[in-house]
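See below:
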């Protein structure tokens, strides 16, 4: 019986030895006194020793156990109750450093007590090398993809410059006396250029998405106007194909909302363009409904419905893939880049919305987009704008300097502005433009950002230096094909007052100019109002302005707002905002007050990302307002 038990023990011991010698790249057993009680020959050799030289020694003497005397020591971890612990260790073998993946598990005896630690070693040198090669290949592929995307974006921007000229000339030509036949041809040219512009916008959006440069703007805009413009455009396109264009808008939708109007316009343009393209008979409709609403926000659904060719059920998910086009014989005649729906879905997701598709092959499709917006000012901005235009002093005799190097763009801008009986000066070089500004007083400077030699940023800096020297303030509007966050921040820091986006549209450019000039007029009116409140005491007015533009004023309000936001101290945040609104209201800071009220409205729902974003906007607006008062304080004979 004893012999049988002895044989069993011997066999078990031999089995253990074989397991240790043949397991992975090495096994080591260490007792709780850090002594090595078992080790594989292979592991001993890997550190340049024999089994005999390793057995019985402390693990830290032969560098088999990393992290000695630290809380990451495997034995310390096991003592604290961990039952499985994996880490990476490096051993010096000859002249090389070899990485190992080490797994530590407790050695449990028959009394369920921990006697030591079993360490298994895996040489991961080849794995790491493979991962590094994979990472290099991945980076190379991403770099190539980035360069291709950047190339697309650059080409698109290059095309936009002549496109701007074509669209501008079309707009000017459309206002001349054309025969019915000429007008028809002009409408066809405009339709074709609008389609081309839509493709360019899709390529630019695609490049922004791929390079992670797509940025959301949160501007107040008139959604009713936006939808009316879309309706007019697509009603015409539907009529050209013999289709009915139907639409229904919920009467409860507020006139103004806050969000990214450009992205919303692009989403609806893409969906309606597709609907008309793939529909040969019947109708296309746009339905706009309120799906959720509270005091501050509103969720709106936009449904585009058509009676077109439809989509097979098993292809519905595929239509949102990059460059995907339906592989149906009936779609051969429908051209496209295959980007529209992919970009549309990306834009919707960027706006934290959702899109649903219902479709039956041969019967038509329904695309429903749900987007959430903050509510804007309920006042009709169109009527308000008209009233302000009539109040603007000297509105019919403005002196405007246009700094633009492209001759076609010069001509377009000149003709758009000159029709209002404004005095327009054109200049193509930055240095000469600065000479003109030193010698003449301009009500407005319209400045192209990207010019050869001295670019728009540098020219604007010089203009602000001239303003400061002479104690005046000259509004500056940037002309640009891109309005990335980086571009906007840079322009705001330098002191631009607004943007006109290429391709230039006459009505949009006119509205922007009126808006900027009204701001300047309002500033003068606020100064006059403030002066009248303090009995025309110019000395006191100067002291009040100097206090507002001081560093201590900025620290008291903006500094504390930043601190309270960082600490989520909403009680004191409300108090300082209330105090700031009361103080800054005397200086014509309507936009700042509006942004502060938006911060207040978002405190309850704890939307910290939006609060921080709004705070950055407050800082930008305050910097602009401060700059205006710094530049005009001397010109008021204070």
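In this note's numbering, the protein residues as written are 454 to 1091.
Note that CB positions come from ideal geometry on N, CA and C, so glycine has one too.
What you are looking at is a predicted structure, and each value in this text was computed from that prediction instead of being measured.
Margin query: How far does the alpha helix (DSSP H) with residue 503 in it extend, from its first residue to its last?
Written below: Element bounds for residue 503: n/a, residue is neither H nor E.
Checklist line | Own chain partners of residue 561 with C-beta closer than 8 Å, once the 5 adjacent residues on each side are dropped | finding: Here residue 561 has 567 and 568 as same chain residues with Cβ atoms under 8 Å from its own Cβ, once five neighbours each way along the sequence are excluded.
Note to self: Going by C-alpha to C-alpha distance, which of 916, 753, 890 and 758 sits closest to residue 801?
What the structure shows: 753
Next item on the list: Counting only the same chain and skipping the five closest in sequence on each side, list residues whose C-beta sits under 7 Å from that of residue 492.
Entry: 481, 504, 507 and 508
Check: Can you pull the DSSP bridge partners for residue 756?
Finding: 740 and 821
Next item on the list: Run through the segment 565–589 for me and flag every whole beta strand (DSSP E) of 3 or more residues, listed as ranges in chain order.
Entry: 567–576
Next item on the list: Starting from residue 812, follow the beta strand (DSSP E) in both directions and report where the run begins and ends.
Entry: 807–813
Checklist line | C-alpha gap between residue 713 and residue 676, whole angstroms | finding: 11 Å
Notebook entry, point to check: In chain order, which continuous runs of the beta strand (DSSP E) of length 3 or greater are located wholly inside the segment 900–966?
Noted result: 929–933 and 951–954
Margin query: Can you give me the C-alpha to C-alpha distance between residue 618 and residue 957, rounded to a whole angstrom?
Written below: 9 Å
Note to self: Check for me: the alpha helix (DSSP H) holding residue 1023 runs from which residue to which?
What the structure shows: 1023–1037
Next item on the list: Could you tell me which of 487, 601, 732 and 1065 sits nearest to residue 763, measuring between CA atoms?
Entry: 732
Notebook entry, point to check: Where does residue 990 fall in DSSP's three states?
Noted result: coil
Next item on the list: My understanding is that residue 891 touches residue 919, with C-beta atoms under 8 Å, so please give their C-beta distance in whole angstroms.
Entry: 6 Å
Next item on the list: Whole angstroms is fine: what's the gap from residue 724's alpha carbon to residue 820's?
Entry: 8 Å
Check: With C-beta atoms as the reference, is residue 706 less than 8 Å away from residue 741?
Finding: yes
Notebook entry, point to check: Buried or exposed: which applies to residue 798, given that a residue is buried once 16 or more other Cβ atoms fall within 10 Å of its Cβ?
Noted result: It counts as buried.
Item checked: Residue nearest to residue 767 in terms of C-alpha spacing, selected from 536, 729, 498 and 812 -> Measuring C-alpha to C-alpha distances from residue 767 to each of 536, 729, 498 and 812 identifies 812 as the nearest.
Item checked: Euclidean distance between Cα positions of residue 1080 and residue 930 -> 16 Å
Check: Could you check where the beta strand (DSSP E) with residue 674 kicks off and where it finishes?
Finding: 672–675
Next item on the list: Using three-state DSSP, classify residue 598 as helix, strand or coil.
Entry: DSSP places residue 598 in helix when its eight states are reduced to three.
Item checked: Cut-off 6 Å between Cβ atoms - residues of its own chain near residue 697, not counting five sequence neighbours on either side -> 736
Notebook entry, point to check: At which residues does the beta strand (DSSP E) containing residue 880 begin and terminate?
Noted result: 876–880
Next item on the list: Output the distance between the C-alpha atoms of residue 585 and residue 601, rounded to the nearest integer angstrom.
Entry: 24 Å
Next item on the list: Sort out for me which residues DSSP pairs residue 1040 with in a bridge.
Entry: Beta-bridge pairing links residue 1040 to no other residue.
Note to self: Using a Cβ-Cβ cutoff of less than 8 Å, which residues in the same chain neighbour residue 1072 once the five nearest sequence positions on both sides are dropped?
What the structure shows: The answer, listed in chain order, is 1011.
Note to self: Quick check on DSSP: helix, strand or coil for residue 698?
What the structure shows: The answer is strand: DSSP assigns residue 698 an E or B state.
Notebook entry, point to check: At which residues does the beta strand (DSSP E) containing residue 560 begin and terminate?
Noted result: 549–561
Notebook entry, point to check: Going by alpha carbons, who is nearest to residue 953 out of 774, 899 and 1009?
Noted result: A check of alpha carbon separations from residue 953 across 774, 899 and 1009 identifies 899 as the nearest.
Note to self: For a quick check, are the C-beta atoms of residue 711 and residue 668 less than 8 Å apart?
What the structure shows: no
Notebook entry, point to check: How far does the alpha helix (DSSP H) with residue 730 in it reach, from first residue to last?
Noted result: Bounds of the alpha helix (DSSP H) holding residue 730 are 714–730.
Checklist line | Whole-Å CB distance - residue 998 paired with residue 1013, under 8 Å assumed | finding: With 8 Å as the limit, residue 998 and residue 1013 do not qualify as a contact, their Cβ atoms being about 21 Å apart.
Note to self: Whole angstroms are fine: how far does the CA of residue 534 sit from the CA of residue 557?
What the structure shows: Their backbone Cα atoms lie some 12 Å apart in a straight line.
Note to self: Taking the straight line between their C-alpha atoms, what separation do you get for residue 1078 and residue 1016?
What the structure shows: 22 Å
Note to self: Using a 10 Å radius around the Cβ and a threshold of 16 neighbouring Cβ atoms, would you call residue 1059 buried or exposed?
What the structure shows: exposed
Checklist line | Inter-residue spacing [alpha-carbon to alpha-carbon] between residue 680 and residue 1022 | finding: 41 Å
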